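To start, the structure under review is shown below, and the notes come after it.
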Amino acid sequence: MDDVSTTLDRTWAVFSKPWAELAAAPLAALVGRLGFNAVELPVRPGAFVTPEHAEDRLPEFAKTLRGLGIEPISIASDPTPAVLDACAAAGVPMIRIMAPIGDDGYRASVRRLRGDLERLAPECERTGIRIGIQPHHGAFVSTVLGVCELIRDLPPEFCLIWDAGHDALAGEDPAYTLEQCGDRLGLVNLKNAVHRPIDDQQPARFRTWFGPGDQGLADWPEIIDLLRTINYDGPVCLTAQYTDTTPDEAADLAAADLAWARTL
């Protein structure tokens, strides 16, 4: 298979957070219209599927999506036993989480998080559901190496979600961090970000601003080439994270980003 067909034939997912309140059928119609064939679902308060109703709603929600040509590849949620059971019943293979750093500092937080994951391991092995930990800038474990340390020697159900935007915000080089993931790489997220000045404050202060894929710190063409180099053939998820946009604007931007990414 040549490089062009490999890119075109990938599973291309979108994180449906901007449209979290949509029922399955209208969500599938929207996602398909944008050009995606898969989706990551938020299972959070305020979404159509909430954590407390996941066991009742997620299996039917996933069945409806699949019937309309959209594969649910993962959810973003707290990995409680009930949510793990809901994913198993729905055939959704992964839960995406981050690793927050508390007021007690980095090392204490990592020890606490590691204990949480160790206690979760039997539930993951029982259900067969993977837990994907994504590096995130700010008050989270923010680097690939940090997540690798967190999940070292845990069962293979614990994997790493590599995120282009947060990798760039951490000042990392994707040529190194994608290699560092090794066989723990479970999902690739595409987004982009820049630092923008906050008004006219002096001394100057900057904020993180998420925008179109071709504008920012992350080099998407390089990343797609690197995915070929490491023979990654798993899903690629565009996170549809765009600062200060409406749901309709996010949809237009995600469609444009996907159209461009598929040419790379």
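Quick note, the sequence shown lines up with residues 1 to 264 if you use UniProt numbering.
Glycine included, C-beta positions come from ideal geometry on N, C-alpha and C.
Predicted, not measured: the structure shown is a model, and the values here were computed from it.
Following the DSSP letters along the chain, one finds V14 inside the beta strand (DSSP E) bounded by residues 12–15.
With 16 or more neighbouring CB atoms inside 10 Å of its own CB, D257 falls in the buried class. The C-beta distance from A13 to E40 rounds to 6 Å, short enough to meet the 8 Å contact threshold. With fewer than 16 neighbouring CB atoms inside 10 Å of its own CB, Q215 falls in the exposed class.
Between G132 and L160 the beta-carbon gap is near 7 Å, inside 8 Å, which marks them as a contact. Going by beta carbons, Y242 and A250 fall inside the 7 Å limit.
Close CB contacts of P51 within its chain, under the 8 Å cut and outside five residues either way in sequence, are with V43, R44, P45, S77, D78, T80, A82, V83 (chain order). Per DSSP, the continuous beta strand (DSSP E) segment holding I97 begins and ends at 94–97.
Under the three-state reduction of DSSP output, G165 falls in the helix class.
Inclusion of A24 and L65 in the CB contact set at 7 Å is warranted, their separation being smaller than that value. Contact fails between the region 66–76 and the region 112–120, because fewer than three Cβ pairs, one in each stretch, are under 8 Å apart. Contact between T239 and F15 holds: their C-beta atoms lie close to 5 Å from each other, under 8 Å. Around the beta carbon of H195, fewer than 16 other beta carbons lie within 10 angstroms, which makes this residue exposed.
Non-local beta-carbon contacts of E179 in its own chain, meaning distances under 8 Å to residues more than five positions away in sequence, involve I230 in chain order. Assignment of alpha helix (DSSP H) within the region 127–152, counting only whole runs of 4 or more residues, yields 144–151 in chain order. Taking the Cα positions, A175 is about 38 Å away from G67. If you ignore the 5 residues before and after E125, its C-beta comes within less than 7 Å of the C-beta of P155, E157, all in its own chain and listed in chain order.
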